[in-house]
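Read in numbering that gives the first Met the number 0, the sequence shown has 10 at position 11, and its numbers run on one by one without any break.
The structure appears right after this line, and notes come after that.
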Amino acid sequence: MSKTEIKNFQPALSSPQLESTQRLISQSEECLSQLKRLRLDSSIENNEQEQFQLGQLKKQIGDLVQKSTHLMRHNMQLRDQILSQTNQNAQIAQNHEELKLQVDKLQKELSEKDKTISQFNLYRKTQETQFESSLKQAQDQNEQLSKTLSNFQNVNGQLIEQIKELQNKLSLSQKDNAELMVVIDGHKHIDMLYQQQNEYIAKMNFK
């Protein structure tokens, strides 16, 4: 990875890895600056000390680049994790909105049901009141009919007693009529005997 790529790389989080990467970038820039100075100096005078320092700087740069690459890969993994978590959060938020809509819908349906139940309870209470009133009227009518029936039974009892008395009187009258008929028949028989006697006397006088 080049110096420009290192400087242009944007990490996923502001974290200790980011600070380490920035420090490595600064160290790499310092090493490159020293390397350039050594190259300029080596063009003038090339000795073993400078070659040794140059080798050390190259090694440091290689180590720094390797560490930077490792940190950048780690940051990329973190970025992928963050993107995944962001997507999960977005899905959770969407699910939350859907659940909220469902809850709102259920609450609306529940409110409608509560309204219907309230209306039904009011209707039932009205019907119960009307039924109780009708039942009271029916009970009053039954009580009145019971009184009327009791009066009728009393009158009927009196009529029965009167009928019995009339039947007794009729029975006595019929008995009297029978006796009277016997007397009348006796008188008729006597009259017939008198008539026969008179006819006999008349015949005797005629002779």
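Even for Gly, the Cβ is constructed at its ideal location relative to N, Cα and C.
Neighbourhood of residue i by C-beta, 7 Å cutoff - its chain only, sequence neighbours within 5 removed
| i | result |
| --- | --- |
| residue 161 | none |
| residue 190 | none |
Whole-angstrom C-beta distance between residue j and residue i, which should lie under 8 Å
| i | j | result |
| --- | --- | --- |
| residue 63 | residue 26 | 5 Å |
| residue 24 | residue 67 | 7 Å |
Alpha carbon of residue i to alpha carbon of residue j, nearest angstrom
| i | j | result |
| --- | --- | --- |
| residue 81 | residue 53 | 41 Å |
| residue 116 | residue 122 | 10 Å |
| residue 110 | residue 133 | 34 Å |
| residue 163 | residue 137 | 38 Å |
| residue 168 | residue 153 | 23 Å |
| residue 192 | residue 181 | 16 Å |
| residue 157 | residue 130 | 40 Å |
| residue 113 | residue 102 | 16 Å |
| residue 196 | residue 188 | 12 Å |
| residue 143 | residue 150 | 11 Å |
| residue 22 | residue 70 | 11 Å |
| residue 125 | residue 108 | 25 Å |
| residue 32 | residue 51 | 16 Å |
| residue 61 | residue 72 | 16 Å |
| residue 74 | residue 87 | 19 Å |
| residue 47 | residue 85 | 56 Å |
| residue 146 | residue 139 | 11 Å |
| residue 127 | residue 119 | 12 Å |
| residue 185 | residue 173 | 18 Å |
Chain-order list of residues whose beta-carbon lies under 8 Å from that of residue i (same chain, five-residue window excluded)
| i | result |
| --- | --- |
| residue 92 | none |
| residue 148 | none |
| residue 104 | none |
| residue 96 | none |
Beta-carbon contacts of residue i that lie in its chain and below 6 Å, excluding the five residues immediately before and after
| i | result |
| --- | --- |
| residue 194 | none |
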